[in-house]
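Chain order of the listed sequences is A and B.
Mapping of the first sequence onto the numbering used here: position 90 corresponds to residue 108, and the numbering continues sequentially without gaps.
Mapping of the second sequence onto the numbering used here: position 133 corresponds to residue 132, and the numbering continues sequentially without gaps.
For reference, the structure discussed in these notes is given below.
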Amino acid sequence: MARYVFIESRDPFESNDAQFVPETATALKQCGHEVTVFLVQNGALAARRNARHSHLPQLAAAGIKLLADDFSLRERGIATGELSDGIQTSTIEALVDLLVQENTKAIWH
Amino acid sequence: MSERRLTLAIMDAPYESANSTTAFRIIAAALKKGIHVNVFAYEGAVSLAIKDQAPHANPVKGTSVEEEDHPVTKDFVISLLEMGRETPLLTWVNCGLCVDERGAGNAVDGVKRGGPGDFLKLALESTNTLVIPTK
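In structure tokens form, the structure reads like this:
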């Protein structure tokens, strides 16, 4: 089993390749790997509970760990209480900890 | 691999993308944790460290250079190199061909010149490598 960390920086409501992360992350999870999606920059815009057609609830239901960068949330005026179920507020320090774990592959999107 | 070491490849030019800010944050966080960091600056990212960058006033707001306190990316690079002077160590390599194309050779002290082969060496010696591409 490997660990995969997807760093999603793109606004899924703007980017036409937003399906890359949910499709790849879900497939890897189904193969038995440990998968985390870290939302940063405009990737955090999908984290609001009221966001329509966000792919994040489906990722949470698949058992994928969802983390949102606190700095990116603050910049965009998104409070912790607004986050969709299954998304945890996190930090850039926590991302670094994930990146230096053994047997971890990091994918920036 | 006893010592932890993280390599980042960055490509965005300064003042263009939030990717640069996030990369600086990752580098700073890793150094604060005692993790060695390698940076391979490619394409437009070689301009992040140009020594000639100067902050500017803001005529829209009527603020002076001092009042505006505009951050320039070379100052971030200088601060990071200071944080990573010894242990942990920050190694910053600018792609030489990218530098020559852009006339960006006047980099701040501590920035090295290299090529894609150096990126491979840096990645091979690292616990992990993160490539932050342009959008």
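The beta-carbon is built from N, C-alpha and C at its ideal position, and this holds for glycine as well.
Small disclaimer: the values here were computed from a predicted structure and weren't measured.
Bounds of any beta strand (DSSP E) do not take in Asp117 of chain B; it lies within the alpha helix (DSSP H) bounded by Pro115 to Leu123. Nearest CB-CB separation between Ala29 of chain B and chain A: below the 7 angstroms threshold.
Spatial neighbours of Glu67 of chain B in its own chain (CB-CB distance under 8 angstroms, excluding positions within 5 residues in sequence) are listed in chain order as Pro54, His55, Ala56, Asn57 and Lys60. DSSP, reduced to helix, strand and coil, places Cys97 of chain B within a helical segment of the structure shown.
Taking 7 angstroms as the CB threshold, Glu111 of chain A lines the interface with chain B.
Distance check between Ile96 of chain A and each of A:Asn68, A:His51 and A:Tyr22 places A:Asn68 closest, using alpha-carbon atoms only. Along the segment 1 to 15 of chain B, the positions whose C-beta sits under 7 angstroms from a C-beta of chain A are Arg3 and Leu5, read in chain order.
Remark: fewer than three beta-carbon pairs, one from each stretch, lie closer than 8 angstroms, so the segment 121 to 132 of chain B and the segment 72 to 81 of chain B are not flagged as touching.
Under the three-state reduction of DSSP, Leu80 of chain B is assigned to helix.
The residue from A:Phe56, A:Val23 and A:Arg70 with its alpha-carbon nearest to that of Thr107 of chain A is A:Phe56. When 7 angstroms is used as the limit between beta carbons, Leu129 of chain B is near these residues of chain A: Leu117, Ala124 and Trp126, in chain order.
By the rule that beta-carbons nearer than 7 angstroms mark a contact, Thr86 of chain B does not touch chain A. With respect to chain A, the C-beta atom of Arg24 of chain B has a partner C-beta closer than 7 angstroms. Comparing alpha carbon positions, the residue from B:Ile25, B:Thr6, B:Arg112 and B:Pro87 closest to Leu96 of chain B is B:Arg112. Among the residues of chain B, those whose CB is under 8 angstroms from the CB of Val114 of chain A are Leu5, Ile25, Ala28, Ala29, Lys32 and Ile34, following chain order. Assigned with DSSP and collapsed to three states, Arg21 of chain A falls in strand. The straight-line gap separating the alpha-carbon atoms of Val38 of chain B and Ser102 of chain A is approximately 35 angstroms. Around the beta-carbon of Asn121 of chain A, fewer than 16 other beta-carbon atoms lie within 10 Å, marking it exposed.
Check the Cα spacing between Val110 of chain B and each of B:Asp11, B:Gly43 and B:Trp91: the tightest is with B:Trp91.
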